[in-house]
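**Student:**
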Amino acid sequence: MEIVPVPAFTDNYIWLVHDDASGETAVVDPGDARPVLGEAQGRGWPVTQIWNTHWHPDHTGGNLALKQATGAPISGPASGNIPGRDVGLSEGDEVRIGSHVGRVIEVPGHTLDHIALIFDQERIAFVGDTLFAMGCGRLFEGTPEQMYKSLQRLTGLPGDTRLYCAHEYTLSNAKFAVHAEPGNGITAERLGRVEAMREQGKITLPTSVEEERATNPFVRAPDVAKFAELRSAKDSFR
Ligand SMILES: [Zn+2]
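Going letter by letter, the sequence shown gives residues 358 to 595 in my numbering.
(1) Starting from the C-beta of proline 563, find all residues in its chain whose C-beta is less than 6 angstroms away, skip the five residues before and the five after it, and write them out in chain order.
(2) Within the 8 angstroms Cβ cut-off, does valine 444 reach chain C?
(3) Just how far apart, CA to CA, sit arginine 442 and glycine 418?
(4) What would DSSP say about glycine 445, mapped onto helix, strand or coil?
(5) List the whole-angstrom C-beta distance separating proline 574 from alanine 534, where the pair is believed to meet the contact cut-off of C-beta under 8 angstroms.
(6) To the nearest angstrom, how far is the alpha carbon of aspartate 599 from that of alanine 397?
(7) Counting pairs of Cβ atoms below 8 angstroms between the region 540 to 556 and the region 458 to 475, do you hit three or more?
(8) If you draw a straight line from the C-alpha of serine 456 to the C-alpha of histidine 411, how long is it?
(9) Quick one: what's got a C-beta closer than 8 angstroms to phenylalanine 476's C-beta in the same chain, skipping five residues either side?
(10) Return the chain-ordered list of same chain residues with a C-beta closer than 7 angstroms to the C-beta of glycine 449, the five sequence neighbours on each side being excluded.
(11) Under 5 angstroms, CB to any heavy atom of ligand 1. Which residues pass, going along the chain?
(12) Would you decide whether proline 501 is buried or exposed? Buried here means 16 or more other CB atoms lie within 10 Å of its CB.
(13) Hey, how far is the Cα of serine 436 from the Cα of glycine 445?
(14) State the start and end residues of the unbroken alpha helix (DSSP H) segment that holds serine 432.
(15) Closer than 6 angstroms by C-beta to glutamate 538: which residues in its own chain qualify, once you throw out the five before and the five after it? Chain order, please.
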């Protein structure tokens with residue numbers, strides 16, 4: 358599986374997932390169809406599947422145009438309001454690209470319909486707006502309990518699992534992480550690396566389960582109460 362970011366809007370990443378053996382290409386969370394079609398056509402990768410992690414328009418806004426342009430079917434959370442959805446996904450369902458199998462887990466919190474796609478063999482997970490590098494999504498619909506559990510599930514995956522998040526929020530998250538855990542040397546060191554990468558205009562993703570366990574204050578929170586306190590502090594952190 359080859360995975361390529363397609364930047365969209367101010368800070369979204371739409372992920373193109375290509376399987377050479379089958380010639381299939383899936384697109385994860387196409388908020389906008391145009392940059393996806395541009396990148397896919399440039400690479401000679403016709404889009405054959407569309408996968409959504411949750412209903413938010415910056416993740417699904419390109420669904421219908423992409424489906425119209427490519428004929429690709431749309432798979433997304435069964436419980437969400439997903440434009441053009443052909444296949445509803447719930448806990449335990451699977452998506453497939455060539456011989457690669459992605460397992461669906463439900464990770465409510467940011468929204469109630471949010472799912473993640475876990476490719477266990479490949480050690481790859483598409484996590485949408487649930488977990489970000491050194492941060493997590495805002496709680497628009499779910500409770501702190503739900504989000505805390507969702508983050509624990511994702512970071513319970515093997516340490517070398519690469520996590521593909523849907524936004525470039527790492528620098529602002531890293532600043533908050535250092536503020537939240539001033540004694541964490543690994544976090545401080547990672548902030549330095551992230552600053553350098555962003556100065557050079559580089560993408561900071563994917564992250565890994567191992568790195569998140571070491572530096573993500575929301576993952577490292579010992580309980581729901583501490584998690585909730587951190588989440589509301591981050592909402593107003595500047
Ligand atoms: Zn969202």
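C-beta atoms are modelled at their ideal positions from N, C-alpha and C, and glycine is treated no differently. Just so we're clear, the structure is a prediction, and the values are computed from it rather than from any experiment.
**Tutor:** This is what the structure gives:
(1) Taking the sequence shown and counting its residues from 1, the one referred to as residue 563 is at position 206. For proline 563, the CB contacts under 6 angstroms within the same chain, skipping 5 residues up- and downstream, are Arg519, Leu520 and Tyr521 in chain order.
(2) Among the chains in the structure shown there is no chain C, since it carries only a single protein chain.
(3) The residue labelled residue 442 in the question sits at position 85 within the sequence shown. The residue labelled residue 418 in the question sits at position 61 within the sequence shown. Each residue's alpha carbon lies about 12 angstroms from the other.
(4) As a position in the sequence shown, residue 445 is number 88, starting the count at 1. In this structure, DSSP gives glycine 445 an extended state, which the three-state scheme calls strand.
(5) Walking along the sequence shown from the start, residue 574 turns up at place 217. Walking along the sequence shown from the start, residue 534 turns up at place 177. Going by Cβ atoms, the distance from proline 574 to alanine 534 rounds to 5 angstroms, so yes, they are a contact pair.
(6) Given a span of 358 to 595 for the chain in the structure shown, any question on residue 599 remains unanswerable.
(7) No contact exists between the region 540 to 556 and the region 458 to 475.
(8) Here residue 456 refers to the residue found at position 99 when the sequence shown is read from its first residue. Here residue 411 refers to the residue found at position 54 when the sequence shown is read from its first residue. About 25 angstroms.
(9) Your numbering for residue 476 matches position 119 in the sequence shown. So the list reads Met358, His457, Val458, Gly459, Arg460 and Ala482, once near-sequence residues are dropped.
(10) As a first step, residue 449 is located in the sequence shown; it is residue number 92 there, counting from the start. Val461, listed in sequence order.
(11) With the cut-off at 5 angstroms, the residues found are His413 and Asp486.
(12) By one-based count along the sequence shown, residue 501 stands at place 144. Flag for proline 501 reads buried.
(13) Taking the first residue of the sequence shown as position 1, residue 436 is located at position 79. Taking the first residue of the sequence shown as position 1, residue 445 is located at position 88. In this structure, the alpha-carbon of serine 436 lies about 8 angstroms from that of glycine 445.
(14) In the sequence shown, counting from the first residue as 1, residue 432 sits at position 75. No alpha helix (DSSP H) holds serine 432; the beta strand (DSSP E) holding it covers 431 to 434.
(15) Residue mapping note: residue 538 aligns to position 181 of the sequence shown, counting from 1. Counting only residues of its own chain and dropping the five nearest sequence neighbours on each side, glutamate 538 has a CB closer than 6 angstroms to the CB of Thr544 and Pro574.
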